[in-house]
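Chemist: Dumping the structure here so I can ask a few things about it.
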Amino acid sequence: YTVLARLSAGTARPQQGARAPLQFTANGTRPGQNNYMLDGIDNNTSNVHFLGGTAYVVKPPVDAIAESKVLTSSFGAEYGRAGGAVLSATLKSGSNAFHGSAWEFNRNDGLKAAEFFENARGLKKGRYDANQFGFTAGGPVVKGKTFFFADYEGSLTKQDQIWQVTVPTPGPAAPTCSAGPCRWARSSTRPRRARSSPGRSIRSRGGWPPGTASSAIPSRGTSSRRAGSTRTRSS
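Here my numbering is used: position 219 in the sequence shown is 212, and no number is missing along the way.
Okay, here's the thing in structure tokens:
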């Protein structure tokens, strides 16, 4: 919901490569000078949330927000802290009537074009399946006295990716992996040492010692696909 704050006067997108791209700048100040508040409570974080791309702790779904306002100048002393802007949001609350909402957004590879390297290698179009889902619910616990409101939002993305890897010929690979493809020792956290060429001495002040197998070297002329999924949630 912070993206809508960029519609306010004096705000702009953060610089390219910002660690939290969902932030915004106000009146020329840094994104870290903004103050995020939720139901009147400090919602700022001292560390950037790299996965969510935010600088605040609680990231409520848009359907759970009753009101939000952006103050970029002339705000009262009660807001303090901020040299840039104040983004204050208020969550919905329960009432004497039950109410709620549910949603599901899906994007898959049905209309997705094949990537350049997939076409170049004659590979099958990679999988892409993204789901964003959630709900809100509120109502009475004791009518006229106690109410509840809850929300949840999650996302699940399954995507195939193509990785370009430079594979050395047997000659350059011989000093560190003369015995063939390097492999990790499954029974130990310390990699297995490979034979090095005679007379070669390499000094190292960090990382694995010379001659240590740190990764597997694939065969030339082969192709493979790596897939995985990413889950995020907010509630």
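All C-beta atoms in this analysis are idealised placements derived from N, C-alpha and C, irrespective of residue type, glycine included.
(1) To the nearest angstrom, report how far apart residue 56 and residue 127 are at their CA atoms.
(2) Between the Cα of residue 98 and the Cα atoms of 28, 149, 25 and 18, which residue gives the shortest distance?
(3) Of the choices 88, -5 and 120, whose alpha-carbon is the least far from that of residue 134?
(4) Is DSSP giving residue 128 helix, strand or coil here?
(5) Whole angstroms are fine: how far does the CA of residue 151 sit from the CA of residue 111?
(6) Where do the N-terminal and C-terminal ends of the beta strand (DSSP E) with residue 112 fall, by residue?
(7) Name, in chain order, the residues that DSSP records as bridge partners for residue 133.
(8) What would DSSP say about residue 57, mapped onto helix, strand or coil?
(9) So which of 26, 50, 25 and 21 has the shortest CA-CA distance to residue 35?
(10) So residue 137 and residue 85 are in contact, right, with Cβ under 8 Å, and what is the actual spacing, rounded?
(11) Spell out a yes or no on whether the stretch 100 to 120 and the stretch 17 to 26 are touching, meaning 3 or more CB-CB pairs, one atom from each, closer than 8 Å.
(12) Please report the distance separating the alpha-carbon of residue 24 from that of residue 0.
(13) Considering residue 20, what are the terminal residues of the beta strand (DSSP E) in which it resides?
(14) Are the CB atoms of residue -6 and residue 58 nearer to each other than 8 Å?
(15) For residue 48, name the three-state secondary structure that DSSP assigns.
(16) Determine the burial state of residue 72: buried for a count of at least 16 other Cβ atoms within 10 Å of its Cβ, exposed for fewer.
(17) Does the beta-carbon of residue 77 have 16 or more other beta-carbons within 10 angstroms, so that it is buried, or is it exposed?
(18) Report the option in 63, 33 and 37 whose CA atom is closest to the CA atom of residue 5.
(19) Drop a sphere of 10 angstroms on the beta-carbon of residue -4, count the other beta-carbons inside from all chains shown, and report buried for 16 or more, exposed for fewer.
(20) Using the beta-carbon count (16 or more within 10 Å), is residue 139 buried or exposed?
(21) Which same chain residues end up closer than 7 Å to residue 125 when comparing Cβ atoms and leaving out the 5 residues on each side of it in sequence?
(22) What residues in its chain sit with their C-beta under 7 Å from that of residue 191, if we drop five residues either side in the sequence?
(23) Report the residue from 100, 105 and 104 whose alpha carbon sits nearest the alpha carbon of residue 122.
Modeler: Here's the rundown:
(1) Cα atoms of residue 56 and residue 127: separation of roughly 9 Å, rounded to the nearest angstrom.
(2) If we check each option's Cα against that of residue 98, 149 comes out closest.
(3) Among 88, -5 and 120, the Cα nearest to that of residue 134 belongs to 88.
(4) Residue 128 falls in the strand class under three-state DSSP.
(5) Note on geometry: alpha-carbon atoms of residue 111 and residue 151 lie some 17 Å from one another.
(6) First-last for residue 112: 109 to 114, but that is the alpha helix (DSSP H), not the beta strand (DSSP E).
(7) Partner(s): 140.
(8) Helix.
(9) That would be 50, whose Cα lies nearest to the Cα of residue 35.
(10) The pair is not a contact, with the Cβ atoms about 18 Å apart (cut-off 8 Å).
(11) Flag = no, the stretch 100 to 120 and the stretch 17 to 26 do not touch.
(12) Cα-Cα distance, rounded: 15 Å.
(13) Counting along the chain, residue 20 sits inside no beta strand (DSSP E), nor does DSSP assign it H or E at all.
(14) Here residue -6 is near residue 58, since their CB atoms are less than 8 Å apart.
(15) DSSP, reduced to helix, strand and coil, places residue 48 within a strand of the structure shown.
(16) The residue in question, residue 72, is exposed, as its Cβ has fewer than 16 Cβ neighbours within 10 Å.
(17) By the 10 Å Cβ count, residue 77 comes out buried.
(18) Residue 63 is the option with its Cα nearest to residue 5.
(19) Residue -4 should be labelled exposed.
(20) Answer is exposed; the Cβ neighbour count stays below 16.
(21) Same-chain partners within the cutoff: 98 and 148.
(22) Note that residue 191 scores 46 on pLDDT, short of 50, meaning its location in the model is unreliable and no value can be drawn from it.
(23) The candidate whose alpha carbon is nearest that of residue 122 is 100.
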